[in-house]
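Asks: One structure is given below, represented as structure tokens, and several questions about it will come after.
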Amino acid sequence: MAQVLVRNLDEQVVTALRRKAELHGHSLEQELRVALTAAARLTNEERLALVRRVRGLTPGNVKQTDSADLIRQDRDTR
Numbered sequence: 118m119a120q121v122l123v124r125n126l127d128e129q130v131v132t133a134l135r136r137k138a139e140l141h142g143h144s145l146e147q148e149l150r151v152a153l154t155a156a157a158r159l160t161n162e163e164r165l166a167l168v169r170r171v172r173g174l175t176p177g178n179v180k181q182t183d184s185a186d187l188i189r190q191d192r193d194t195r
């Protein structure tokens, strides 16, 4: 697992996170894991933006080949 060091975090933030950890019955470290894991999940809007960005990388004037056809052709050559 990776480790991250966060410097210059406001003391009020740390205090609030400690309180939340206490309310949830776990350590500050576990509370931070939960918060960071939740923050890392992409929203539907972010997913859509990513799809649009990837789609934008594909030229519109290039004919796309169905992958099933390519797989069949490969199987037929064996």
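Here the sequence shown is numbered in the working numbering, starting from 118 and rising by one per residue.
Here a beta-carbon is modelled for each residue, glycine too, at the ideal position from N, C-alpha and C.
Keep in mind the model is a prediction, meaning the values are calculated, not measured.
#1: Here's the rule: buried if 16 or more other CB atoms are within 10 angstroms of the residue's CB, otherwise exposed. What is Glu148?
#2: Only counting the same chain, and skipping five residues up and downstream in sequence, which positions put a Cβ closer than 6 Å to that of Val121?
#3: Have a look at Val130 and His141 and give me their C-alpha separation to the nearest angstrom.
#4: Would you kindly report the start and end of the unbroken alpha helix (DSSP H) that includes Gly173?
#5: In three-state DSSP terms, what is Val123?
Replies: Taking the structure as given:
#1: Only buried fits Glu148, as 16 or more other CB atoms lie within 10 angstroms of its CB.
#2: Excluding five sequence positions before and after Val121, none of the CB atoms of its chain fall closer than 6 Å to its own CB.
#3: Put simply, the backbone Cα of Val130 is about 16 Å away from that of His141.
#4: Gly173 -> alpha helix (DSSP H) spans Asn161 to Leu174.
#5: Three-state DSSP puts Val123 in coil, outside helix and strand.
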